[in-house]
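Peer 1: If you scroll down you'll find the structure; I have some questions about it.
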Amino acid sequence: MQYDTGISVLVFIIIALLIGAALRNIIKGTQMPYSVCLLVIGLGLGLIQRSGFFTEHSELLDGTLKLVAEVDPHLILFLFLPTLIFESAFSLEVHLFRRIFAQIALLAVPGLIVATTLTAALAKWTFPWEWSWALCLMFGAMISATDPVAVVAMLKEVSSRKRLETLIEGESLLNDGTAIVFFSLFYGWVISAGGQEGGNIFGVAGDFTWVVSIGLILGVLAGFLVMAWIGRVFNDPMIEITLSIATAYLVYFAAEKMHVSGIVAVVTLALMFAGIGRTRISPEVAEFLHNFWEMMAHIANTLIFLLVGVLIAARVHLDDINAWIALVILYVGIQLIRALAVTLFMPLLKRIGIGITREKAIVLVWGGLRGAVSLALALIIAQDDVIPRDIRDQILFLCAGIVVFTILINGASMSWVLKKLKLDQLPPAKQATVDKAQAKINEELTTMLPVLVENEFLKGADWDEVKHTTGLLKPTEIKEPEKDSESISDADLSVAFRRRLLETERRHYWHQFEQGTLGKQSTNKLVEAVEHALDGEPVIAPRESLYKVWDTPPLLHMLRNVKGLKKLALRVSFSRLALGYEIARGFIQAQDTLETHISSLAPDEVEAAKVNALVQENKKKTLEYIQQLRETFPEIVHTLETHSAIRLLLNRERAVIREQLKKAVLDSPEAKRMIKHVETRMKTLQKMSSFSAPFTPDQLLGQLSWCKHLSEDTRNSLNNAMEHGLYSSGEWILKQGKPFAALGIIARGSVQVQEERKGKKYKKVLGPGEHVTALSLLTGVSPGNYRAMTLVDILWLRAERLKPLMAHDEELAEAVSKLLN
C-alpha cells in the first residue's frame, strides 16, 4: 500500500511525540539528558531502517523514515530555528543578558572567528584530503555553531546558576547567527571559485557587519510594530500568542529572503518581547505565553533530535577508515580549540560583564555541543552538485559524527563534570537562604499539625507515619540552619539575603502590574530600579536611579524655554508628576512587603536590623515626596487613587464570577459574558488618561489683592497670558543675574529666595499667592536666587506679554508698579 507524503509526515510527528512522552516519563528523576536519549533512539531507528527490517515488516514506518532521511535541510532551518531561537531568547532575563552581553559577544564573534580559523587550519593540515582554504574555512564555520540544549537543561535542573545559563545560552544564540553568516560567506567563495580562495578579510568584515546590522534593524522594526499592536489588545491570548508566532517566523523569512541574518532578527525580536514587551502583553496572558513557547520548543527539540538521529544513521557512509580517523582527530581538536579560545579571552572575560571563574569556564568549554544547525548546514552542502560528491560525503560524515560525539560524550558526561566542579549545587550563601526558608516552612507545618490531629475526620490517621513521610519535626527539634564558617562568610550571607529581598521586591512590582494598580511605564521604571540595585553588590538604599524619576530631566528644562513647545513641556511635566506618584506608591507597597520578609530571611538579627533601617530610609524619603504631591497637586493624587480603587473592585468582581463558576452557581456561557463585561470596563479604565490638566489661573487672580480691582477683561487677558512652570523639590528656578524678565505668581508650593542688595544677603520663603522676580521687569535680569523647596507651580507673566496690557490699562500698570516698589 502506498502512503502519500502528508500521511508519512503526520506518522513521524505522532511517533516522535509518543517516544518523547514515554522517554520523559522513563528518565524522570535521573540525570540523563533528554536530547541525548532522543538522539540515541533516532540513531537506533535509522540503523534498523537501514538494515531493511522495516521494509519487510512495516511499509508505513519504512516510508516514513525514508522520507525523514531525505528531508530538505532548508526545512530544518526554516521550520525549527525560529521556534527554538525565539523561545531561548524570550526566556532570558533581559537585564542579566545586557549585563553580560560583552562576554557573550566576545565569545560569539571573536571567539567563533578563532574557532573557525583554527578548525580550518586543523582540517587543512591533518585531514587526508586536499581541501582548499575556502572549503576549510566554510567547514570551520559550520562545525563551530554550538547547541548546548542538554547543558542548559541540566544546569536548570541541578542548580540555579542563572548567570552561567544565560552566558551559555546567549553565546549559543549569537554564535549560531555568526556561524551561519560566515558559512554563507565562505560557501559563496567555494562555489564561485571552484573551491579556491575567493575573497579578502575586509570584504568578509563588511559583509558580516551588513547582514548582522540589517538583521538587527529588521528585528527592532518588527518588534516595535507587533508591540504597538499587542499593546492595543486587552487579555486576548489567542491574538497575542498568534502574533508572537507569526512575527517570529515572518521576521526570520524576511531576513533570509533579504540575505541577512534571520537568527539575529529573531533574537532581537524575542528580547524585545522579553523586555519592553512584558508590559505590553496582557498580565493575564504573560504566563500562558511563556508556557506556550516552552511547549513549542519542547516539541521542536523532540522532533529535531529524533530526526537528526534517523537522518545521520540513514545517510552517513560508515565504511571509510580515513574518515573515522579524521573524525577522532576533529573531535579532540575542537575540544582543544574551544579550550584555547576560552583561555585566550579569559583575562577579558574576568574583567567585563559579571566576570567568570575557572570552574564556569570549564563548563563553557565542555558544554560546546554541536547540534541541528551544524547538521543542517552539512546537509545543504550534501545536496549541492557544484561541490564534488566525495567532498560532500566527507563533510556530512564529519559534521554528523561531531554532532553525535559531542552530544553523547560531552552531553552525557556533563552531570559528572558539574558534580566534580561542585556546580551541581547552589552557592553556599544562597543555600543558606533556602535553608532558612525551609526552616520557616517546617515551622509553619509543625504548627499546623495539632489542628489536624483534632480534626474528627483525621483521628484515625497514623501520625507517626505522617511525620515520617513528610519529614516534620516537633517544634523543639526545629533548628536554624547552621552556617559553615569555613565556606560562608558574613559578607556572602548578607549579599545573598539582600539579593533575595530585591528579587522579592521585583516580583511584587509584577504582581502590582498584574493587579492593574501599576501602569506600564511605572512598572518598567520600578523594575529597572531594582535591576540597577542588583548590579554588583545589592543595594537596598538609597535608590538613586529611582529618585531621578522625581527630578526634572534636562531635556524638559530645554523644552520650557523653546517657543512653541511650552505647552508640550507643561503636559509632560504634569504627566511626570502622575508617573512619579504612581511609582512612589508602588515603591512604598513593595517596601512594606519587604519588611514582612526580613525576619524570616535574615541570617542574623544584626543584619535584619541593618536592612530594616535601610527600608525605613526608603519609606521616609518616598513618603515625604508623596506628602508634597498630596499637598501641592491633590487633583493628580485624586485621579490616580480613583483609578486604582476602580481597578481593585473590578479585579474582585472578576474573581467572584470565577468562584461562582467553579461552584457551578453560574454556567460557563453566562460567566464568560459577565467576565467579558468586566474586562471591557477594565480596558476602558486602562485607556483613561491619568493626566490632570493644571487649574486655570482665574481663581487665583481673584484672590490676589492687587488684582481685585482690575476689570474682568483685564483679568481674562492676564489669564490668557499666564504660563505654568512646574519645578521639582530642590530644583533651581532662577539664579541671580540671569537674563530674565517676567512676573511670577506662586500657585502651589514653597520657594526659597536669596537676594543680595548693597552687600547684604536676604533670605526668605514665599508661598502660594506671593509674587517673585517682579524687579526683572525693570532690570531684565533675575534679582535673586530662587529655589523650589517643595514641588512648585508658578504662573509666569512674561514682560513681552504683560507690558502691552499695562500700556492699555492704567489700573494694571499702577498695580504692577506697587509690586515693584
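Residue numbers for the sequence shown, in my numbering: 19 to 839.
Glycine included, every Cβ here is placed at the ideal spot set by N, Cα and C.
Remember, it's a predicted structure, so these values are computed and weren't measured experimentally.
Kindly indicate the opening and closing residues of the beta strand (DSSP E) around His695.
Peer 2: The residue labelled residue 695 in the question sits at position 677 within the sequence shown. First-last for His695: 686–705, but that is the alpha helix (DSSP H), not the beta strand (DSSP E).
Peer 1: Could you check whether Ala318 and Thr164 sit closer than 8 angstroms to each other, using their CB atoms as the reference points?
Peer 2: As a first step, residue 164 must be located in the sequence shown, where it is residue number 146. As a first step, residue 318 must be located in the sequence shown, where it is residue number 300. No; because the gap between Cβ atoms is not below 8 angstroms, this pair is not in contact.
Peer 1: May I ask you to report which of helix, strand or coil DSSP gives Val391?
Peer 2: Position 373 of the sequence shown holds residue 391. Helix, per DSSP.
Peer 1: Beta strand (DSSP E) containing Gln770: first to last residue?
Peer 2: Here residue 770 refers to the residue found at position 752 of the sequence shown. Taken as a continuous stretch (DSSP letters only), the beta strand (DSSP E) holding Gln770 covers 769–775.
Peer 1: Ala107 and Leu17 - do their beta-carbons sit closer together than 8 angstroms?
Peer 2: Because the chain in this structure spans residues 19 to 839, residue 17 falls outside the shown range and cannot be described.
Peer 1: Can you give the Cα-Cα distance for Gln214 and Gly206, rounded to whole angstroms?
Peer 2: Here residue 214 is taken as the residue at index 196 of the sequence shown, counted from 1. Here residue 206 is taken as the residue at index 188 of the sequence shown, counted from 1. Because Gln214 carries a pLDDT of 48, less than 50, the predicted location of this residue cannot be relied on, and the following value inherits that uncertainty. Looking at the two C-alpha atoms, the distance is approximately 11 angstroms.
Peer 1: Can you tell which of Glu312, Gln645, Ser262, Ile198 has its C-alpha closest to the C-alpha of Met854?
Peer 2: Limits of the chain in this structure are 19 at one end and 839 at the other, which puts residue 854 out of reach.
Peer 1: Between the stretch 316–332 and the stretch 130–138, are three or more C-beta pairs nearer than 8 angstroms?
Peer 2: The answer is no - the stretch 130–138 does not touch the stretch 316–332, with fewer than three Cβ pairs under 8 angstroms.
Peer 1: Classify Gly24: buried if its beta carbon has 16 or more other beta carbons within 10 angstroms, exposed otherwise.
Peer 2: Numbered from its first residue, the sequence shown carries residue 24 at position 6. Gly24 should be labelled exposed.
Peer 1: Determine the DSSP secondary structure at Leu796, reduced to helix, strand or coil.
Peer 2: On the sequence shown, residue 796 is found 778 positions in, with the first residue counted as 1. Three-state result, Leu796: helix.
Peer 1: How big is the Cα-Cα spacing for Ile693 and Ile675?
Peer 2: Your numbering for residue 693 matches position 675 in the sequence shown. Your numbering for residue 675 matches position 657 in the sequence shown. In a straight line, the C-alpha of Ile693 is about 7 angstroms away from that of Ile675.
Peer 1: I need the straight-line Cα distance from Leu744 to Ser109, nearest angstrom please.
Peer 2: One-based indexing of the sequence shown puts residue 744 at position 726. One-based indexing of the sequence shown puts residue 109 at position 91. Those two C-alpha atoms are separated by around 42 angstroms.
Peer 1: What would DSSP say about Glu111, mapped onto helix, strand or coil?
Peer 2: Sequence index remark: in the sequence shown, residue 111 carries index 93 (1-based). Residue state, collapsed to three classes: coil.
Peer 1: In whole angstroms, what separates the C-alpha of Asn738 from that of Ala760?
Peer 2: What you label residue 738 is simply residue 720 of the sequence shown in a count that begins at 1. What you label residue 760 is simply residue 742 of the sequence shown in a count that begins at 1. If I take the Cα positions, the gap works out to 15 angstroms.
Peer 1: Which full runs of the alpha helix (DSSP H) of 4+ residues lie inside the stretch 71–97, going along the chain?
Peer 2: Those alpha helix (DSSP H) runs which fall completely within the stretch 71–97 and span 4+ residues are 71–75, 77–87.
Peer 1: DSSP state of Pro493, grouped into three classes?
Peer 2: Residue numbering aside, residue 493 sits at position 475 when the sequence shown is read from its first letter. Caution is warranted here: a pLDDT of 49 is assigned to Pro493, below 50, making its placement in the model unreliable, and the coordinate value is therefore given only provisionally. The answer is helix: DSSP assigns Pro493 an H, G or I state.
Peer 1: In chain order, what residues of the same chain lie with their CB nearer than 7 angstroms to the CB of Leu393, ignoring the 5 residues before and after it?
Peer 2: Start at 1 with the first residue of the sequence shown, and residue 393 comes out as number 375. So the list reads Val326, Cys417, Ala418, Val421, once near-sequence residues are dropped.
Peer 1: Measuring only the C-alpha atoms, how far is Gly38 from Gln704?
Peer 2: Sequence index remark: in the sequence shown, residue 38 carries index 20 (1-based). Sequence index remark: in the sequence shown, residue 704 carries index 686 (1-based). Looking at the two C-alpha atoms, the distance is approximately 43 angstroms.
Peer 1: When the Cα of His727 is compared with those of Val452, Val834, Gly748, Ala551, which residue comes out closest?
Peer 2: For this step, residue 727 is matched to residue 709 along the sequence shown. When only C-alpha atoms are compared, the closest one is Val834.
Peer 1: Taking the Cβ atom as the reference point for each residue, do Gly188 and Ile122 lie within a distance shorter than 8 angstroms?
Peer 2: By one-based count along the sequence shown, residue 188 stands at place 170. By one-based count along the sequence shown, residue 122 stands at place 104. Closer than 8 angstroms, so yes.
Peer 1: Where Pro652 and Ser768 are concerned, what is the direct C-alpha to C-alpha distance, given to the nearest angstrom?
Peer 2: Within the sequence shown, the letter at position 634 stands for residue 652. Within the sequence shown, the letter at position 750 stands for residue 768. Approximately 16 angstroms between the Cα atoms of the pair.
Peer 1: DSSP state of Leu336, grouped into three classes?
Peer 2: What you label residue 336 is simply residue 318 of the sequence shown in a count that begins at 1. Leu336 falls in the coil class under three-state DSSP.
Peer 1: Determine, using beta carbons only, whether Tyr804 and Ile751 come nearer to each other than 8 angstroms.
Peer 2: Taking the first residue of the sequence shown as position 1, residue 804 is located at position 786. Taking the first residue of the sequence shown as position 1, residue 751 is located at position 733. Yes, these two residues count as a Cβ contact at 8 angstroms.
Peer 1: Pull up the distance between the alpha-carbon of Leu99 and that of Arg561, whole angstroms please.
Peer 2: Reading the sequence shown from its first residue, position 81 is the one you call residue 99. Reading the sequence shown from its first residue, position 543 is the one you call residue 561. Approximately 41 angstroms between the Cα atoms of the pair.
Peer 1: Can you tell me the Cβ-Cβ gap for Gly9 and Ala283, rounded? I've got them flagged as a contact below 8 angstroms.
Peer 2: With the chain running from 19 to 839 in the structure shown, residue 9 is simply not present.
Peer 1: With a threshold of 7 angstroms on Cβ separation, who are the neighbours of Phe758 within its own chain once the five nearest residues in sequence on each side are excluded?
Peer 2: Mapped onto the sequence shown, residue 758 falls at position 740. Correct list, in chain order: Leu752, Thr791, Ser794, Val799, Ser800.
Peer 1: Exposed or buried, which one is Glu818 when buried takes at least 16 other CB atoms within 10 Å?
Peer 2: Stepping through the sequence shown from its first residue, residue 818 is reached at position 800. By the 10 Å Cβ count, Glu818 comes out exposed.
Peer 1: On a Cα-Cα basis, can you pick out the residue from Ala138, Ser202, Arg116 that is closest to Ser184?
Peer 2: By one-based count along the sequence shown, residue 184 stands at place 166. Per the sequence shown, the amino acid found at residue 184 is Thr instead of Ser. Closest option to Thr184, Cα to Cα, is Arg116.
Peer 1: Report all residues from its chain with a CB closer than 7 angstroms to the CB of Met314; omit the five preceding and five following residues, and keep chain order.
Peer 2: Here residue 314 refers to the residue found at position 296 of the sequence shown. Answer for Met314: Thr101, Glu105, listed in chain order.
Peer 1: Comparing alpha-carbon positions, which option in Ile616, Lys142, Ala627, Leu182 lies nearest Leu444?
Peer 2: Here residue 444 corresponds to residue number 426 of the sequence shown, with the count starting at 1. If we check each option's Cα against that of Leu444, Leu182 comes out closest.
Peer 1: In chain order, what residues of the same chain lie with their CB nearer than 7 angstroms to the CB of Thr451, ignoring the 5 residues before and after it?
Peer 2: In the sequence shown, residue 451 corresponds to position 433, counting from 1. Contacts found: Ala514, Phe515, Arg518, Leu619.
Peer 1: Just to confirm the assignment, what range does the beta strand (DSSP E) spanning Lys778 have?
Peer 2: Your numbering for residue 778 matches position 760 in the sequence shown. It spans 778–784 - the beta strand (DSSP E) in which Lys778 sits, taken as one unbroken run.
Peer 1: Between which two residues does the beta strand (DSSP E) holding His742 run?
Peer 2: Position 724 of the sequence shown, counted from the first residue, corresponds to residue 742. Start and end: 741–745.
Peer 1: Taking the alpha helix (DSSP H) that Trp528 falls in, what are its first and last residues?
Peer 2: Translated into positions along the sequence shown, residue 528 becomes position 510. Where Trp528 is concerned, the enclosing alpha helix (DSSP H) stretches over 508–533.
Peer 1: Taking DSSP as the reference, what is the three-state secondary structure of Lys438?
Peer 2: Counting from one through the sequence shown, the residue named residue 438 turns up at place 420. In this structure, Lys438 counts as helix in the three-state DSSP scheme.
Peer 1: Can you tell me whether Val303 is helix, strand or coil according to DSSP?
Peer 2: To locate residue 303, count along the sequence shown from 1; it is residue 285. Looking at Val303 - three-state DSSP - the assignment turns out to be helix.
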